[in-house]
Amino acid sequence: MSAIDAETVRATAMPKSDAATVNRSNVPAFVAEGVNVYYGSKQALKDVAIDINRNQVTALIGPSGCGKSTFLRCLNRMNDIIDICRVTGNILLDGQDIYDKQLDVVQLRARVGMVFQKPNPFPKSIYENVAYGPRIHGLARSKAELDEVVQTSLERAGLWKEVSDRLNQPGTGLSGGQQQRLCIARAIAVQPEVILMDEPCSALDPIATAKIEELIDELRQNFTIVIVTHSMQQAARVSQRTGFFHLGVLVETGDTEQIFTNPHDKRTQDYITGRFG
Amino acid sequence: MSVTTLLIVLLGLSAIGYYLGRARSVRTVAGRTAELHSLPSYHGYYVAVWCGLPALLLVLAWVAIEPDIIRSLLIAKLGDAAAGMSPQALGLMINDVRNLAGGSLVSREPDPVMQAAADYYNHLRFLSRLALTVFGLGLAMAGLTYAWKSIHPRLRARNRVEKVVIVALIICSTIAILTTIGIVLSLIFESARFFTKVSPLHFLFGLEWSPQIALRAGQVGGTGLFGAVPLFVGTLLIAFIAMCVAMPLGLMAAIYMAEYADRRVRAFAKPALEILAGIPTVVYGFFAALTVAPFVRDTGASLGLQISSESALAAGFVMGVMIIPFVSSLSDDVITAVPQSMREGSYGLGATRSETIRRVILPAALPGIVGGFLLAISRAIGETMIVVMAAGLSANLSVNPLEAVTTVTVQIATLLVGDQEFDSPKTLAAFALGLVLFCVTLVLNIIALRIVTRYREQYE
Ligand SMILES: Nc1ncnc2c1ncn2[C@@H]1O[C@H](COP(=O)(O)OP(=O)(O)OP(=O)(O)O)[C@@H](O)[C@H]1O
Ligand SMILES: [Mg+2]
Chain G
78 MSAIDAETVR
88 ATAMPKSDAA
98 TVNRSNVPAF
108 VAEGVNVYYG
118 SKQALKDVAI
128 DINRNQVTAL
138 IGPSGCGKST
148 FLRCLNRMND
158 IIDICRVTGN
168 ILLDGQDIYD
178 KQLDVVQLRA
188 RVGMVFQKPN
198 PFPKSIYENV
208 AYGPRIHGLA
218 RSKAELDEVV
228 QTSLERAGLW
238 KEVSDRLNQP
248 GTGLSGGQQQ
258 RLCIARAIAV
268 QPEVILMDEP
278 CSALDPIATA
288 KIEELIDELR
298 QNFTIVIVTH
308 SMQQAARVSQ
318 RTGFFHLGVL
328 VETGDTEQIF
338 TNPHDKRTQD
348 YITGRFG
Chain H
11 MSVTTLLIVL
21 LGLSAIGYYL
31 GRARSVRTVA
41 GRTAELHSLP
51 SYHGYYVAVW
61 CGLPALLLVL
71 AWVAIEPDII
81 RSLLIAKLGD
91 AAAGMSPQAL
101 GLMINDVRNL
111 AGGSLVSREP
121 DPVMQAAADY
131 YNHLRFLSRL
141 ALTVFGLGLA
151 MAGLTYAWKS
161 IHPRLRARNR
171 VEKVVIVALI
181 ICSTIAILTT
191 IGIVLSLIFE
201 SARFFTKVSP
211 LHFLFGLEWS
221 PQIALRAGQV
231 GGTGLFGAVP
241 LFVGTLLIAF
251 IAMCVAMPLG
261 LMAAIYMAEY
271 ADRRVRAFAK
281 PALEILAGIP
291 TVVYGFFAAL
301 TVAPFVRDTG
311 ASLGLQISSE
321 SALAAGFVMG
331 VMIIPFVSSL
341 SDDVITAVPQ
351 SMREGSYGLG
361 ATRSETIRRV
371 ILPAALPGIV
381 GGFLLAISRA
391 IGETMIVVMA
401 AGLSANLSVN
411 PLEAVTTVTV
421 QIATLLVGDQ
431 EFDSPKTLAA
441 FALGLVLFCV
451 TLVLNIIALR
461 IVTRYREQYE
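Protein chains in written order, with this note's numbering: chain G, 78 to 354; chain H, 11 to 470.
Structure representation (structure tokens):
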């Protein structure tokens, strides 16, 4: 889609929560059915079906190369950027097919934010990093409003105290853990419904990791979170539901406690007991 | 043996030395090459170097000093006949002797003295070559034998061969650097000579350029005015027009290719654009002179403007086209060097492609892009051919792009074309102009490279 229609579509789009408020609490945020993903001729995901519940943390675990990131990137259509990637099947967000031709990807990505494995702040000031999303979506009408959005986002990301006196310094000058929280603040500032996190702690030390895990737990009250992680302890600590991927297949989903104490599938059991992966 | 044959034979001997050395090293450890300090091939190179290198140095030194020795022997032989001559006449005489000896035409009737001298010359050369062959081959054989004998398992052949390689590399780079220094020094010295005749202030700030000099005293016209300001202004004007063309076109092309074009388009468009850089500038020159300039003139005429058929506009436009690939490929490089994670971060926040480019990618790539622009400008300033053909020679002090102007490079070319004595202010002025040009492009390049490298570091 060309950038120009994207912007006009977005300008006339309905406020994002209207359709959702009706039956908010018991209907899952995402419903995925029969999702297949191909990179060229190679199939990376086979017939994946999963429900992702609102205001919960869903963890995706599985051995390397099994397709966790691929599935996560289907949820905000980040795979569109990759030429050779092709997605089939249905993924519904609030009952709306996100692969529908009518739907605007840009708007979808505003509703489904993303935090990446490696912290990737823009080479701009801390303030500008957080203000980036609200600016392009026109979420703040005045400078004062924008300041407020930036402050609340940084507060919710637990970074405000550390950076409030140096908002004009470059975001790339922060420590790795601070950069990752900056990226979370940047995602929150757009007020998404869902936040996708792809191994958000893998580049961080244990203390920074603990901070982020704490943060994820708090964010759960306002956001739906999907997190890919390699650490089973992390999945057990932060998530309510867990999905186990193996060789492109979603082997098993269930409550986190059940997955870790009483997995139904032999492969899941082997993985969580460390027999492979 | 002629020098060429000798060199070929030496090469052959070195090759033989290589095989002998390798074979012997393997033999010393009875085939268990792991016991050798260095790989067998290093032993081979070691012998080859000992065989070829001293002999090669001998040949080079010989060839360098041989003519001088033969010359002084010849003068001694000519004795009285040479004693009374002026140096020029002597030089001419020796030249004739050489030509006679070589069997070519001679400027005067050969007399017996000269004939005898020529025979002597041939005799000397024959002796010299014979000696060279004997000593050269002898040295090669001696080196080969010495190295071959010295091979044993603990010989540090690799370290020694590598030392030789390093020295060779150092010599090569020294030659390159010395050449550059030499050129710069000659520019500086010749310019200094110019500035003893014309004051630097007049040169740098004078408003009139007319380098014709009266050939005899009292001739009308041609007082030799060397005020270079019109040239500087002309150069800047043309470079400015060129950048006005190349900057937007090159940058947009780069953005399209780096961010929008899919792989197939990119695979075709990028090389196609780079072909533009391979077109010889003289071709651009006649494109400018025969197509663009008349077009500009005719368009001007239909609008009621008087445009001369040589105009800064035509030259600048074509020069701009010429440097598009420069700007676009450098900008493309820096844009693609912006990490993919920046793009994903921006898309992930719901930014469109154009927002991402405007707000994230271009700001991140800006220093590199500016560096690319500066390199392109220095290229434009140094360009000659297009301007010679399309912008004209008249040194008008004018910033009107519709008039003919001239540039520093064009004047350098015209000052040196044709027979000139190389110490008149007119020709020396070319060096002074060259020096100015050199300084300007040097400064531009240094700034550009600084900016580009600083930008590179940011993402590593
Ligand atoms: N851009 C791509 N082009 C081609 N194949 C890809 C691409 N990205 C991923 N794949 C393939 O898809 C499969 C799933 O990859 P994915 O990145 O989703 O794995 P993952 O579960 O996230 O692994 P990890 O835990 O190592 O991050 C892998 O076999 C990978 O080789
Ligand atoms: Mg992954």
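Even for Gly, the Cβ is constructed at its ideal location relative to N, Cα and C.
Legend entry - Same chain, Cβ closer than 7 Å to A249(H), neighbours up to 5 away in sequence not counted: What you label residue 249(H) is simply residue 239 of the second sequence in a count that begins at 1. Here the set comprises I387, A390, I391.
Legend entry - Distance, H133(H) Cα to V57(H) Cα: What you label residue 57(H) is simply residue 47 of the second sequence in a count that begins at 1. What you label residue 133(H) is simply residue 123 of the second sequence in a count that begins at 1. The straight-line gap from Cα to Cα measures roughly 36 Å.
Inset, instruction - Identify the contact partners of A264(G) in chain H, using a Cβ-Cβ distance below 8 Å as the criterion. - result: Along the first sequence, one-based indexing puts residue 264(G) at 187. G358, L359, listed in chain order.
Legend entry - CA-to-CA distance, C182(H) to Y156(H), given in whole angstroms: Sequence index remark: in the second sequence, residue 156(H) carries index 146 (1-based). Sequence index remark: in the second sequence, residue 182(H) carries index 172 (1-based). In a straight line, the C-alpha of Y156(H) is about 28 Å away from that of C182(H).
Legend entry - Element boundaries [beta strand (DSSP E), containing F321(G)]: The residue you call residue 321(G) lines up with position 244 of the first sequence. Element bounds for F321(G): 318–323.
Legend entry - Proximal residues, the stretch 354–384 of chain H versus chain G, C-beta separation under 8 Å: E354, G355, S356, Y357, G358, L359, G360, A361, T362, R363, S364, E365, R369, V370, P373, A374
Inset, instruction - Compare the beta carbon distance of G153(H) and W72(H) with 7 Å and say whether it is the shorter of the two. - result: Taking the second sequence and counting its residues from 1, the one referred to as residue 153(H) is at position 143. Taking the second sequence and counting its residues from 1, the one referred to as residue 72(H) is at position 62. No, Cβ-Cβ distance for G153(H) and W72(H) is not below 7 Å.
Legend entry - Exposed unless 16 or more other CB atoms sit within 10 angstroms - verdict on H341(G): Here residue 341(G) refers to the residue found at position 264 of the first sequence. H341(G) comes out exposed.
Legend entry - Sequence-distant residues of the same chain with beta carbon closer than 7 Å to C151(G), five excluded per side: In the first sequence, counting from the first residue as 1, residue 151(G) sits at position 74. Excluding residues within five positions, the ones whose Cβ falls inside 7 Å are V112, V114, V164, I168.
Legend entry - Beta-carbon proximity check, D342(H) vs M267(H), cutoff 7 Å: As a first step, residue 342(H) must be located in the second sequence, where it is residue number 332. As a first step, residue 267(H) must be located in the second sequence, where it is residue number 257. Yes, they are a contact pair.
Inset, instruction - Return the residues of the stretch 271–302 of chain H that lie within a Cβ-Cβ distance of less than 9 Å from chain G, sorted by chain order. - result: D272, R273
Inset, instruction - From the DSSP output, in three-state form, read off M95(H) for me. - result: Residue mapping note: residue 95(H) aligns to position 85 of the second sequence, counting from 1. In this structure, M95(H) counts as coil in the three-state DSSP scheme.
Inset, instruction - Select from L313(H), A423(H), E269(H), I193(H) the residue whose C-alpha is nearest the C-alpha of P349(H). - result: Locating residue 349(H) in the second sequence gives position 339, where the first residue counts as 1. Minimum Cα distance to P349(H) is reached at E269(H).
Legend entry - Local Cβ density within 10 Å of M155(G), reported as buried at 16 or more and exposed below that: Numbered from its first residue, the first sequence carries residue 155(G) at position 78. The residue is buried, with at least 16 neighbouring Cβ atoms inside 10 Å.
Inset, instruction - Out of E413(H), V420(H), T362(H), G358(H), point me to the one whose CA is closest to L149(G)'s CA. - result: Counted from its first residue, the first sequence places residue 149(G) at position 72. Answer by Cα proximity: G358(H).
Inset, instruction - Please check if any C-beta of chain G sits within less than 7 Å of the C-beta of S351(H). - result: Stepping through the second sequence from its first residue, residue 351(H) is reached at position 341. Output row for S351(H): interface = yes.
Inset, instruction - Check whether the stretch 199–213 of chain H touches the stretch 398–412 of chain H, counting contact only when three or more Cβ pairs, one atom from each stretch, lie closer than 8 Å. - result: no
Legend entry - Alpha-carbon to alpha-carbon, E76(H) and L129(H): The residue given as residue 129(H) occupies position 119 in the second sequence. The residue given as residue 76(H) occupies position 66 in the second sequence. Reading off the sequence, residue 129(H) comes out as Asp, not Leu. Rounded to the nearest angstrom, the two C-alpha atoms are 17 Å apart.
Legend entry - Straight-line gap, P64(H) to A178(H) (C-alpha atoms, nearest Å): Against the second sequence, residue 64(H) aligns to sequence position 54. Against the second sequence, residue 178(H) aligns to sequence position 168. The alpha-carbon atoms of P64(H) and A178(H) are separated by roughly 14 Å.
Inset, instruction - Can you tell me which of D128(G), A121(G), E110(G), Q120(G) puts its alpha carbon nearest to the alpha carbon of T301(G)? - result: The count along the first sequence starts at 1 and reaches residue 301(G) at position 224. It is D128(G) whose Cα lies nearest to the Cα of T301(G).
Legend entry - G144(G): CB within 6 Å of a non-hydrogen atom of ligand 1: For the purposes of this step, residue 144(G) is taken as residue 67 along the first sequence, with counting starting at 1. Yes, since a heavy atom of ligand 1 falls inside the 6 Å radius drawn around the Cβ of G144(G).
Legend entry - Three-pair Cβ contact test at 8 Å for the stretch 276–286 of chain H versus the stretch 323–340 of chain H: yes
Inset, instruction - Examine ligand 1 and report whether any of its heavy atoms sits within less than 6 Å of the Cβ of Y115(G). - result: By 1-based counting over the first sequence, the position of residue 115(G) is 38. Checking every heavy atom of ligand 1 against the Cβ of Y115(G), none is found closer than 6 Å.
Inset, instruction - With DSSP collapsed to three states, give me the class of G113(H). - result: In the second sequence, residue 113(H) corresponds to position 103, counting from 1. G113(H) falls in the coil class under three-state DSSP.
Legend entry - Residues near A24(G) by beta carbon distance below 8 Å, same chain, minus five either side: The question about residue 24(G) has no answer, for chain G in this structure spans 78 to 354.
Inset, instruction - State yes or no: is the beta carbon of T191(G) nearer than 7 Å to at least one beta carbon in chain H? - result: Taking the first sequence and counting its residues from 1, one reaches residue 191(G) at position 114. Looking at the sequence itself, residue 191(G) is Met, so the reference to Thr does not match. Chain H, which has a Cβ nearer than 7 Å to the Cβ of M191(G), makes this yes.
Inset, instruction - Report yes if the C-beta distance between P240(H) and A401(H) is below 7 Å; otherwise report no. - result: As a first step, residue 240(H) is located in the second sequence; it is residue number 230 there, counting from the start. As a first step, residue 401(H) is located in the second sequence; it is residue number 391 there, counting from the start. Cβ atoms of P240(H) and A401(H): not closer than 7 Å.
Inset, instruction - Grab me the residues of Y116(G)'s own chain with a C-beta within less than 6 Å of its C-beta, minus the 5 sequence neighbours each way, in chain order. - result: Along the first sequence, one-based indexing puts residue 116(G) at 39. Once the five neighbours on either side are set aside, the close Cβ partners of Y116(G) are I161, C162.
Legend entry - Reference E334(G), options L122(G), I158(G), G351(G), Q311(G), closest by Cα: Here residue 334(G) corresponds to residue number 257 of the first sequence, with the count starting at 1. Among L122(G), I158(G), G351(G), Q311(G), the Cα nearest to that of E334(G) belongs to Q311(G).
Legend entry - beta-carbon I158(G) near ligand 1 non-hydrogen atom, thresh 6 Å: For the purposes of this step, residue 158(G) is identified with residue 81 of the first sequence, where counting begins at 1. Checking every heavy atom of ligand 1 against the Cβ of I158(G), none is found closer than 6 Å.
Inset, instruction - Please decide whether A76(G) counts as near chain H, where near means a Cβ-Cβ distance under 7 Å. - result: Given that chain G is displayed from residue 78 to residue 354, the structure contains no residue 76(G) and the question cannot be resolved.
Inset, instruction - Could you spell out where the alpha helix (DSSP H) holding D347(G) opens and where it closes? - result: By 1-based counting over the first sequence, the position of residue 347(G) is 270. Unbroken alpha helix (DSSP H) run through D347(G): 343–349.
Legend entry - Inter-residue spacing [alpha-carbon to alpha-carbon] between V418(H) and I396(H): The residue you call residue 418(H) lines up with position 408 of the second sequence. The residue you call residue 396(H) lines up with position 386 of the second sequence. The straight-line gap from Cα to Cα measures roughly 13 Å.
Legend entry - Segment contact, 8 Å Cβ cut-off, at least three pairs: the stretch 194–206 of chain G with the stretch 371–379 of chain H: yes
Inset, instruction - Mind listing the chain H neighbours of D160(G)? Cutoff is C-beta to C-beta under 9 Å, in chain order. - result: Taking the first residue of the first sequence as 1, we reach residue 160(G) at position 83. Residues of chain H passing the Cβ test: D272, R273.
Inset, instruction - Would you kindly work out how many angstroms separate the C-alpha atoms of K173(H) and L49(H), rounded to a whole number? - result: Taking the second sequence and counting its residues from 1, the one referred to as residue 173(H) is at position 163. Taking the second sequence and counting its residues from 1, the one referred to as residue 49(H) is at position 39. When rounded, the distance between both Cα atoms is 16 Å.
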